[in-house]
Amino acid sequence: MLAFSTATMVAALAVQAVDPLPVAPVPVAPSAVVADEQRVPESPVVPVSPPVVPVAPVAAPQTVPVPAPVPAEPNAQKDIVVVGQSRDAGDPLRGVNAQAFGATQAVDSAVVGPVARVYKRKVPSPIRKGIHNFLYNLREPIVFVNFLLQFKPGKAAETVGRFVINSTVGAAGVIDVAKKRPFRLPRRSNGFANTLGYHGIGNGPFLFLPLVGPTTVRDLIGGTLDRLLLPTAIGSPFTDASYTVPAGVLGALDHRADFDETLKCLHDDVGDPYASSRAFYLHRRQAEIDHLHRRPPAPPPECQAALPATRIPVGAAGATETVPPPGP
Numbered sequence: 008m009l010a011f012s013t014a015t016m017v018a019a020l021a022v023q024a025v026d027p028l029p030v031a032p033v034p035v036a037p038s039a040v041v042a043d044e045q046r047v048p049e050s051p052v053v054p055v056s057p058p059v060v061p062v063a064p065v066a067a068p069q070t071v072p073v074p075a076p077v078p079a080e081p082n083a084q085k086d087i088v089v090v091g092q093s094r095d096a097g098d099p100l101r102g103v104n105a106q107a108f109g110a111t112q113a114v115d116s117a118v119v120g121p122v123a124r125v126y127k128r129k130v131p132s133p134i135r136k137g138i139h140n141f142l143y144n145l146r147e148p149i150v151f152v153n154f155l156l157q158f159k160p161g162k163a164a165e166t167v168g169r170f171v172i173n174s175t176v177g178a179a180g181v182i183d184v185a186k187k188r189p190f191r192l193p194r195r196s197n198g199f200a201n202t203l204g205y206h207g208i209g210n211g212p213f214l215f216l217p218l219v220g221p222t223t224v225r226d227l228i229g230g231t232l233d234r235l236l237l238p239t240a241i242g243s244p245f246t247d248a249s250y251t252v253p254a255g256v257l258g259a260l261d262h263r264a265d266f267d268e269t270l271k272c273l274h275d276d277v278g279d280p281y282a283s284s285r286a287f288y289l290h291r292r293q294a295e296i297d298h299l300h301r302r303p304p305a306p307p308p309e310c311q312a313a314l315p316a317t318r319i320p321v322g323a324a325g326a327t328e329t330v331p332p333p334g335p
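Numbering of the sequence shown is given in this note's numbering, commencing with residue 8 and proceeding in unit increments.
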């Protein structure tokens with residue numbers, strides 16, 4: 008009995024000693040379950056994150072308008088520069104021209120002007136008028152050629168009629184018979200510079216040259232062709248110094264005498280005589296081109312009426328038409 012009881016107690020103690028051993032894995036089981044539970048929700052979260060990624064490109068278009076205003080500022084600055092440069096486009100050589108103008112005025116005041124006024128006072132008017140008519144009559148072939156180049160055959164024919172009548176009946180052009188009855192053929196001015204302007208060739212830069220005076224690149228080329236026509240086409244006496252020197256001197260005196268009152272108006276008591284002379288010359292030349300096109304002229308500057316040439320676009324066509332004095 009005693010041995011049985013002892014064995015029973017030993018077995019009970021053995022059972023109690025064994026019971027704690029299976030309890031040890033119990034805390035491990037919950038950690039494994041938690042790990043499994045954490046893994047289950049992670050798998051569905053991974054596919055959800057990709058749809059969020061396309062939201063990033065939406066911000067890219069917001070940066071596109073930012074550089075747009077940058078090129079606008081240089082363009083605005085360029086526009087301002089262009090406007091500033093266009094102010095002196097018609098007279099880029101103003102500095103050189105003004106110096107030549109001052110030098111020419113000094114010579115004119117000391118020599119040319121006084122001589123021209125003496126010529127106007129001392130030489131009888133019929134003689135001066137005869138010289139004036141003679142010089143103009145020699146220009147009639149130039150006028151004729153340029154009316155043909157301007158497609159004006161009617162005026163070209165009238166020019167031929169004037170030249171023939173004045174060269175014969177008018178004593179080599181000394182008397183302007185053609186403008187009187189019964190012919191009534193008006194005197195007209197024309198030249199290669201007018202032909203270039205008539206066909207759309209611009210003035211080019213304004214020039215003020217010694218011995219030439221105010222001109223432009225176009226008028227300088229046209230005037231040179233005018234002077235070369237008769238010497239090239241006819242030759243002597245237009246190539247001889249015995250003719251060219253007296254004709255040049257008389258033409259310059261006649262031109263300066265006709266311009267005397269106008270020059271006084273343009274230069275005396277004027278803030279900028281150079282600018283006044285330049286504006287007067289350019290307006291007169293444009294008025295002649297407009298007259299060829301039968302367009303109304305622009306309003307004239309001051310002293311316009313003092314020069315007979317400026318009445319070309321104002322007066323009616325026909326016998327009342329006048330022309331500018333010949334150039335020097």
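Glycine residues also receive a C-beta, built at the ideal position from the N, C-alpha and C atoms.
- Task: Please look up how many angstroms separate the CB atoms of L235 and V122, rounded, as I've assumed it's under 8 Å.
- Result: Between L235 and V122, the beta carbon gap of about 28 Å keeps them out of contact (Cβ cut-off 8 Å).
- Query: Are the stretch 178-187 and the stretch 129-143 touching by the rule of at least three beta carbon pairs closer than 8 Å?
  - Reply: yes
- Minimum length 3: unbroken beta strand (DSSP E) runs contained in the stretch 143-219: 213-216
- Take the Cβ of K187 as the centre, count every other Cβ of all protein chains shown within 10 Å, and call the residue buried at 16 or more, exposed below. exposed
- Task: Specify, as a first and last residue, the run of the alpha helix (DSSP H) that G258 falls within.
- Result: 248-274
- Item | Sheet register partners of P221 (DSSP bridge) | DSSP output for P221 lists F215 as bridge partner(s).
- Validate contact between the stretch 141-161 and the stretch 123-130 using beta carbons, cut 8 Å, 3 pairs: With contact defined as three or more Cβ pairs closer than 8 Å, the stretch 141-161 and the stretch 123-130 are not in contact.
- Looking at P238 and T231, is the spacing between their C-beta atoms short of 8 Å? Taking 8 Å as the cut-off, the Cβ atoms of T231 and P238 do not count as close.
- Got a sec? Which residues, its chain only, sit under 7 Å from R301 by beta carbon, not counting five neighbours each side? none
- Message: Could you check whether F215 and N140 sit closer than 8 Å to each other, using their CB atoms as the reference points?
- Response: no
- Let me know if F158 comes out buried or exposed under the rule of 16 or more other beta-carbons within 10 Å of its beta-carbon. exposed
- Query: Whose C-beta lies closer than 6 Å to the C-beta of G229 among residues of the same chain, with five residues either side of it excluded?
  - Reply: Within the same chain, Cβ atoms closer than 6 Å to the Cβ of G229 are found at G198, F199, A200, L203, the five residues on either side in sequence being excluded.
- Task: Determine the closest residue to E165 out of P193, V176, T269, T175, with distance taken between C-alpha atoms.
- Result: When C-alpha distances from E165 are compared across P193, V176, T269, T175, the shortest belongs to P193.
- From C272 to H262, what does the alpha carbon distance come to, in whole angstroms? 16 Å
- Message: I'd like the list of long-range same chain contacts for A83, defined as Cβ closer than 7 Å, with 5 residues on each side in sequence excluded.
- Response: Note that A83 scores 43 on pLDDT, short of 50, meaning its location in the model is unreliable; the coordinates nonetheless yield the value given after this. Answer for A83: no residue qualifies.
- Sorted by chain position, which residues of the same chain lie with C-beta nearer than 8 Å to G168's C-beta, five sequence neighbours on each side aside? A185, F190, L192
- Item | Beta-carbon proximity check, F213 vs R292, cutoff 8 Å | no
- Beta carbon of N210 nearer than 8 Å to that of F170: Contact: no.
- Rounded C-alpha distance that separates A107 from V176: 44 Å
- Decide if G278 is buried, meaning its Cβ has at least 16 other Cβ atoms within 10 Å, or exposed. exposed
- Task: In angstroms with no decimal places, state the Cα-to-Cα distance between S249 and S174.
- Result: 21 Å
- Message: Residues in the same chain with beta-carbon distance under 8 Å from V130, minus the five sequence neighbours each way, listed in chain order, please.
- Response: none
- Can you list, in chain order, the residues of its chain whose CB lies under 7 Å from that of P221, leaving out five sequence neighbours each side? F215, S284, R285, Y288.
- Message: Quick check on the DSSP output: the alpha helix (DSSP H) that includes D279 runs from which residue to which?
- Response: Element bounds for D279: n/a, residue is neither H nor E.
- Task: Helix, strand or coil for P100, going by three-state DSSP, please let me know.
- Result: Before going further, note that residue 100 is Leu rather than Pro in the sequence given. Three-state result, L100: coil.
- Task: Would you mind stating whether P217 and A110 have Cβ atoms separated by less than 8 Å?
- Result: yes
- Count the other C-beta atoms from every protein chain shown that fall within 10 angstroms of the C-beta of H298, then say buried if there are 16 or more, exposed otherwise. buried
- Query: Is the beta carbon of L156 less than 8 Å from the beta carbon of A254?
  - Reply: no
- Quick one: residues in its chain with C-beta nearer than 7 Å to the C-beta of I296, no 5 flanking neighbours on either side, listed in chain order? N201, G204, Y205
- Query: Taking the continuous alpha helix (DSSP H) assigned at R128, which residues delimit it?
  - Reply: R128: member of the alpha helix (DSSP H) spanning 120-129, first to last residue.
- For P99, which option in D265, V224, A305 has the closest C-alpha, if you only look at C-alpha atoms? V224
- Using the Cα positions of A163 and L257, report the straight-line distance between them to the nearest angstrom. 27 Å
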